Amino acid sequence: MTKHYDIIVIGAGPAGMSASRTAAAQGARVLVLDEQSSPGGQIYRAIEKPHNQRRRELGSSYQDGVPLVHGFRQSELDYVNAASVWQLSADLEVGYSRDGIAQLVRADRIIVATGAQERPVPIPGWTKRGVMTVGAAQILLKESSVVASDAVFAGSGPLLYLAVHQYLELGVPVKAVLDLTPAKNYLGALPALFGARADFAKILEGWQWKRAIGAAGIPLLTGVDAVRISGEKSVESVDYRRRGEWQAITCDTAFLHLGVVPNINISMAAGCDCHWSHNQACWTVTVDDWFNSSVAGVSVAGDGVSIGGAAAAEAQGGIAALGALHALGRIDASERDRLAAAYRIRLRKEMGIRHFLDLLFRPADRLRVPREADTVVCRCEEVTAGQIRETLDLGCCGPNQLKSFSRTGMGPCQGRFCGHTVSELIGEASGLPISEVGYFRLRSPIKPLPLKELADLAHSSKE
Amino acid sequence: MHTLPRNEPGERHAAGRVKKHADAVVIGAGLHGCSTALHLRLGGLSVLVLEKDYPGRHASGVNAGGVRRLGRALEEVAMSMVAADMWKHMADLVDDDCGFEASGQIKVAESEGEFDLQKKRVAMLQSRGFGHEKLIDKTILRERLPAVSPHCVGGILVEDDGHANPFRTVTAFRRRCETLGVEFHSGAAVTAARQRHGNWLIETAKGSFESAMVVNCAGAWGGRVAALLGEPPVPVDAQAPMLMITARMPAFIEPVVGAQGRTLSFKQFANGTVLVGGGHRGRAESGTNATSLNYQRLAINAQTALDIFPIMSQARVVRCWAGIEGVMPDQIPVIGPGSEPGVFHAFGFSAHGFQLGPVVGRILGELVAHGRGSLDIGPFAIGRFADKGDATQHGARSYGG
């Protein structure tokens, strides 16, 4: 028989841990599936490792995860680590694999808390060896204490500076930092700073990171408006354009970062309605006040909905769980509203700064949508921006037809690295709003599934 | 190449609304619709194609791409033979080979009992003059399929069968049509149809259309369209056969492979990916275009592939999907004239219509232009579902040669 739970939570980052704790506290039978080896998500990755808890260099916000993970561990729930979730169906069946065994499980409610993924940076040469994302630098640091000396960091957004600052604190030499934040964004974001109840402590922290980088003698170049990676097969230099002039910095590692976008693959494949956020320049899941998606029984919370950061995700996870508990008849509406009140206050506070950050760090158009014909867009099938534009000229009008015509987005990553770029390329070519252009129609398995594991499902579970 | 009469769809303003008219309207821009439109146009008619989604959105664009005569129902064999010849010369018809590769198709027997059934089948076909299906023993089977499991004892081979790229095919037909002046209207779901002064008036989400002839190529939606065109209820079941594709693997197989005793459709593409199907059904909602997968049934399909090709234990599935197919109770399509004047049907290909696309268009072209065709289509009459007596009568009206 297929195992049945009250609630299945996908993801054990801030939103997932908060949701599952809240649900378990009300006596619901909860299963948490997470792909990492320990709880924490990307932001609190490997936080249970003693050496990480002692590490002040990782920053104070990293340490915020300690009580959250502790509370999660104390909760009465089934937690499966190292689980690769490859399916969520609209009738609430979840398929996952662990240790070479695939399983199907069911629940009355699903809470998707898949968090964020880094925005791909499709600049010329981004697929060369030695080019990594800042997020990858973070994983190496937190998971294995591995760092790269004399790297060039290029990009925009808080994580870029956090990562450089961490390197600085750890004494790892950094070659240069190229800030790709468009100059016009500073002015454009200014009103949002006054309009919102902005979190000045955070802005101050960012400013301090910047100052420390400058004080350490690391070249920090702002106003860079184009960048490309040169080299035979691997990185030999990072070339950048500033005030109309191209310069090169030799290096063998380049870390790129243009912020994060919601990890929507599971939600989209389940059929949840999504819409394009102009300010965040990404697809976001459409949810109501209790984080219910358009698919009955499926809630989506945290950065997997739209980008709000760890603290906001934690609050959203709690609210989503309370909504689900009410839908299951476990708590009445007044209890739900009472318990959600504190989360809502916190969420409002956290979202205050978000509009400002969105406007400030919105990546320039040319960094999201490649101008150069030979820049690769789909890494798996090696389809370039030029090939996609040519296909669009043939009268192919949507992402799904583009798939059929050119195999764009049909590789093992299922469009994870090209989906956003493709939507925008089609929007640009057709003049249609991105929400109308749409996204790839995603198909499970969301993650590659060994055929043998799939075959074994026939023996392990019966219809 | 030849020049066609300048006979293109026209426009007329009726009661303030734009109304398009043409000699023939084709409903459905799948492969059968596009092929029919092409043949009608080649016959000199002006043609409009109405499509509720976009061309090739459903079964035509997402099927397994098998181009086979192997294992066809006897009623379909003659038609399928003509189609095979058309596939060989596809570029002459649509300026593109549609990715057709004559890799051969083999149906594997996994036991002596299955092999006996195959012997009978081949003998039956030969007695009717069809020699395309050939019996192969274990040695030849292993020569053709070095990766096949040792338990397989033989099979049937059709040498010039193979596979093509479905979406590319339907696109090639559409583009050829457009070059010749056929107009396509996407998002034009038909909502009503009525006769007036010997013409059909067709209402859609994208305006009204008028023509003397209407051809229903609406696939899984063919029953609904048939009802609008005045037919008694036709039992078309919307089904969603599932397919899966793997990440790239080293090349290990050329022919397309099926199995005698279990449902399987198996092929490796030039890029190394392997397509595994077998008609196992997911859930289809023809109203919303939605399909959903049934992993327990996919698991059975995966097990079959593993049993027959042990190398598949290395395979990783990267994508599964299902397309919506119109399936008839007797598993053969509806092809032929309708009950009302000016109406023709070609739908319900029951998950094996891809290879027939080119020839069905030709048959419809002949029917519309001359009222009769060069092939026997009696068994496919729409009336066969009404009641026995009616069906015979319909068959007797025989448009076959």
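Chains as they are written, first to last, in this note's numbering: chain A, 1 to 463; chain X, 1001 to 1401. For each residue, glycine too, the CB sits at the ideal point set by N, CA and C. Because the structure is a prediction, the values reported are computed rather than measured.
Going by DSSP in three states, A:E463 sits in which element: helix, strand or coil? Legend: pLDDT at A:E463 = 42, less than 50; position of this residue unreliable, value from coordinates given subsequently. In the structure shown, A:E463 sits in coil (DSSP, three-state: anything other than H, G, I, E or B).
Output the distance between the C-alpha atoms of A:R73 and A:V300, rounded to the nearest integer angstrom. 22 Å
Does DSSP put A:I450 in a helix, a strand or coil? A small fix is needed here, since residue 450 of chain A is Pro in this sequence, not Ile. Strand at A:P450.
Counting only Cβ-Cβ distances shorter than 7 Å, please list the residues of the segment 1286 to 1318 of chain X near chain A, keeping chain order. S1292, L1293, Y1295, Q1296, L1298, A1299, I1300, A1302, Q1303, A1305, L1306, M1312, S1313, A1315, R1316, V1317 and V1318
Below 8 Å between beta carbons: does that hold for X:I1382 and X:H1345? yes
Against chain X, with Cβ distances strictly below 8 Å, would A:L31 count as a contact? no
Taking a contact to mean a Cβ-Cβ separation below 8 Å, would you say X:V1404 touches X:L1050 in this structure? The requested residue 1404 of chain X is not part of the displayed model; chain X covers only 1001 to 1401.
Assigned secondary structure, X:S1186 (DSSP; H/G/I helix, E/B strand, else coil): coil
If we call anything under 8 Å between Cβ atoms a contact, is X:G1155 one with X:K1107? yes
With DSSP collapsed to three states, give me the class of X:H1058. coil
Show which residues of chain X have a CB atom less than 7 Å away from the CB atom of A:K142. Simply none; closest approach about 28 Å.
Kindly give me the distance between the Cβ atoms of X:P1235 and X:P1333, rounded to whole angstroms, as I take these residues to be in contact under 8 Å. Actually they are not in contact, since the Cβ atoms of X:P1235 and X:P1333 sit about 13 Å apart, beyond 8 Å.
Output, in chain order, the set of chain A residues within a Cβ distance shorter than 7 Å of X:A1247. P412 and P448
Give the range of the beta strand (DSSP E) segment to which A:N400 is assigned. Here A:N400 belongs to no beta strand (DSSP E); instead the alpha helix (DSSP H) covers P399 to S406.
Where do the ends of the alpha helix (DSSP H) carrying A:V66 lie? G65 to Q74
Could you tell me whether any Cβ in chain X is nearer than 8 Å to the Cβ of A:G95? yes
So the beta strand (DSSP E) A:Y79 belongs to, where does it begin and stop? D78 to V80
So for X:K1388, helix, strand or coil by DSSP? Only weak support exists for where X:K1388 lies, its pLDDT of 46 falling under 50; the value from the coordinates is given anyway. Looking at X:K1388 - three-state DSSP - the assignment turns out to be helix.
Would you give the residue range spanned by the alpha helix (DSSP H) that X:C1034 belongs to? L1031 to L1042
Buried versus exposed, by CB contacts within 10 Å (16 or more), A:H459: exposed
Take the Cβ of A:F361 as the centre, count every other Cβ of all protein chains shown within 10 Å, and call the residue buried at 16 or more, exposed below. buried
Can you tell which of X:F1209, X:M1086 and X:G1162 has its C-alpha closest to the C-alpha of X:V1047? X:F1209
Considering Cα atoms alone, identify which of A:K3, A:V66, A:A24 and A:A113 is closest to A:N292. A:A113
Alpha carbon of A:I353 to alpha carbon of A:Q138, nearest angstrom: 24 Å
CA-to-CA distance, X:V1360 to X:S1211, given in whole angstroms: 21 Å
For a cutoff of 8 Å on Cβ pairs, would you count X:W1221 as touching chain A? no
Could you confirm whether any beta carbon from chain A is found closer than 8 Å to the beta carbon of X:V1359? no
Closer than 7 Å: is that where the CB of A:T250 sits relative to any heavy atom of the ligand HEM? Among the components of this structure there are no ligands whatsoever, and the ligand HEM is therefore not found.
Where do the N-terminal and C-terminal ends of the alpha helix (DSSP H) with X:G1198 fall, by residue? Here X:G1198 belongs to no alpha helix (DSSP H), and DSSP marks it neither H nor E.
Measuring only the C-alpha atoms, how far is A:T127 from A:E382? 10 Å
Counting only beta-carbon separations shorter than 8 Å, does A:S277 have a partner in chain X? no
What residues in the segment 1156 to 1176 of chain X bring their beta carbon closer than 7 Å to a beta carbon of chain A? F1167
Closest residue to X:R1069 among X:S1339, X:N1294, X:G1287 and X:V1257 (Cα-Cα distance): X:V1257
Limits of the unbroken alpha helix (DSSP H) element including A:G318: A310 to A327
Reduced DSSP secondary structure (H/G/I, E/B, other) of X:Q1105: strand
Chain X within 8 Å of A:S180, Cβ atoms only: Before going on, a small fix: residue 180 of chain A reads as Leu here, not Ser. Output row for A:L180: interface = no.
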